[in-house]
Amino acid sequence: MPKTVKCLIIGSGPAGYTAAIYASRANMEPVLYTGKEPGGQLMITTDVENFPGYPKGIMGPEMMEDFRNQAARFGTEIHTGVMIEKVDFSGPVHKAWTEGGEEIHAHSVVIATGASAKWLGLDSEKRLMNKGVSACAVCDGFFFRGQEVSVVGGGDTAAEEALYLSKLCPKVHLFVRRDELRASKIMQERIEKAENVEVHWNTEIEEILGDEGVTGVRLINNKTKENSELSLGAVFIAIGHKPNTDIFKEWLPTDETGYLIVDQPGTSKTKIPGVFVSGDAADKVYRQAITAAGTGCMAALDAERYLAEEGII
Ligand SMILES: Cc1cc2nc3c(=O)[nH]c(=O)nc-3n(C[C@H](O)[C@H](O)[C@H](O)COP(=O)(O)OP(=O)(O)OC[C@H]3O[C@@H](n4cnc5c(N)ncnc54)[C@H](O)[C@@H]3O)c2cc1C
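Each residue of the sequence shown is one higher than the one before, counting from -8 in our numbering.
And the structure:
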C-alpha cells in the first residue's frame, strides 16, 4: 500500500522550504521532494543581498542550506534529488508518483516547483554566469550601479529590466532580436522616453567577453550580418522564464506561459480542494525569494486550515 501523508510538498526553493517550516511546526508531518535542483534557483547565484535577516548578504547556496536545516529541525521528511513525475488530483486523496515509480497519497499538496530562467545558450554566458551575466535585474542590478550594462530581450520583462537598470546605471543597451518590441504599448513608450536606454534593433549577442567578469559583448546585426563590439559591465538576459508546471497542467489551470493560476486571488488555493500553489510556479510578476517564501507560508497555512476542516489534524 502507498503511504498516505498529511502534507506533500513538491519543490525545495524558498517556497517549498518555507511551507515545510510552517507545516512541520503545525504537526502536519510534511514530506518534501526536492526535485533535481535541491535548494532551487538560488543555488546558481552568489550574493543574495535583498533577503531580510542577512544584513551582510549571504551566498545563495548557504542561504538555502539554512532554509533546509530549519525545515529539517522541525521534522520535515526530505527526499533529496527526487522528482515527482506525475500527479492525479481526481480523488479526495491526492496521488503523486516519483520518477522511480513510488506512489504517494496525500491529504494536501503544496506545489512549489518554481520556474527556470531561459538562457541564450552561449558558452561564454555559462562561463560568466554570476560574473556579470544574470537573469534578474532586481536581484543583481545593484552590483553594477554606475556601470554601463545591457539587457537582452524584447518583451515586457526585458523592458522592465531595462527601465529598472536605467535608474542605477548611466547607460543601458537593450538588444532586441527583431525590429520591434513585443512589449506592451505602455512599456514601449516608457523605453522610448528613457534617455539613457539605447535600443539596438535586429541585434544578437554572439559572445559575451571577459575572463574574471563581463567586460563587453560581441554583437551581430542579423539583417546586415555586421559585427560590432561594445564595452559594458553586465548582461541581463530577459528572454523569459519557464514555470515547472507541466505535470500539473492536466489538473490545474495555467496562463499561456504555464504559470499556475490561483483560484481565489490573495490565497494559495487552487480549484482542487487540498492543493495549494506557491512561489515562482504561480508568480510571473515578482519572482523573488522573499515573495516565494511568503507564498510558501500562505500555502502551508491554507493547507493547515484545510486539514483541520477535514478533521485530519
Ligand atoms: C541567477 C539568479 C539569481 C537570483 N537572485 C535573487 C536574489 O538575489 N534575490 C531574490 O530575492 N531572488 C533572486 N532570484 C530569484 C529567486 O531565486 C526565485 O524567485 C526563487 O528561488 C523562487 O523560489 P521557488 O521556491 O518558487 O522556486 P525555485 O527556487 O525555482 O525552486 C523550485 C524547486 O522545485 C523543484 N522541482 C521542480 N519540479 C519538480 C518536480 N517535478 N518534482 C520535485 N521537485 C521539483 C526544483 O528542484 C527546485 O528545488 C534569483 C534567480 C536567479 C535565477
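All residues carry an ideal CB built from backbone N, CA and C; glycine is no exception.
The three-state reading of DSSP puts R209 in strand, counting E and B together. Distance from the C-beta of V39 to the nearest heavy atom of ligand 1 is below 7 Å. In the DSSP assignment, the residues bridged to E94 are W88.
Beta-bridge pairing by DSSP links P234 to A106. Collapsing the DSSP output to three states places L(-1) in a strand.
For the set L113, A108, I12, A87, the Cα lying nearest the Cα of E197 is the one of L113. About 15 Å separates the beta carbon of P5 from that of A14, a gap too long to meet the 8 Å contact definition. Within 7 Å of the C-beta of T248 there is not a single heavy atom belonging to ligand 1. Remark: C-beta atoms of F80 and I263 approach each other more closely than 8 Å.
Placement of the Cβ of N235 at a distance of less than 7 Å from at least one heavy atom of ligand 1 is found. Fully contained in the region 119 to 191 are the following alpha helix (DSSP H) runs of length 4 or more, in chain order: 128 to 131, 147 to 157, 176 to 184. Leaving aside the five residues that flank S125 on each side, the residues in its chain whose CB is nearer than 7 Å to its CB run, in chain order, D131, A225, F227.
Setting aside the 5 residues that flank it on each side, G249 is surrounded in the same chain by K233, P234, T236, D237, K240, each with a C-beta closer than 8 Å to its C-beta; the list follows chain order. In the three-state scheme derived from DSSP, where H, G and I count as helix and E and B as strand, Y297 is classed as helix.
The distance from the Cβ of D293 to that of G105 is about 19 Å, inconsistent with a contact at the 8 Å cut-off.
Distance from A128 to L156 at the Cβ level is roughly 5 Å; contact confirmed, criterion being Cβ atoms closer than 8 Å.
Ranked by how close their Cα comes to the Cα of G265, the residues E300, C288, R278 have E300 in first place.
Inter-residue distance for I182 and G91 is about 49 Å (C-alpha atoms, whole angstroms). In chain order, I35 place their CB closer than 8 Å to the CB of M120, counting only its own chain and leaving out the 5 sequence neighbours on each side. For L111 and R59, the gap between their C-alpha atoms comes out near 31 Å. Within the region 39 to 90, the complete beta strand (DSSP E) segments at least 3 residues long are 68 to 70, 75 to 79, 85 to 89, listed from N- to C-terminus.
Relative to ligand 1, I1 has its C-beta within less than 7 Å of a heavy atom. DSSP places I12 in no beta strand (DSSP E) but in the uninterrupted alpha helix (DSSP H) bounded by 5 to 16. Distance between R209 and T67, taken at the CA atoms: about 48 Å. Straight-line measurement puts the Cα of G2 at about 18 Å from the Cα of F65. For F239, no beta strand (DSSP E) segment is defined, and its DSSP state is neither H nor E.
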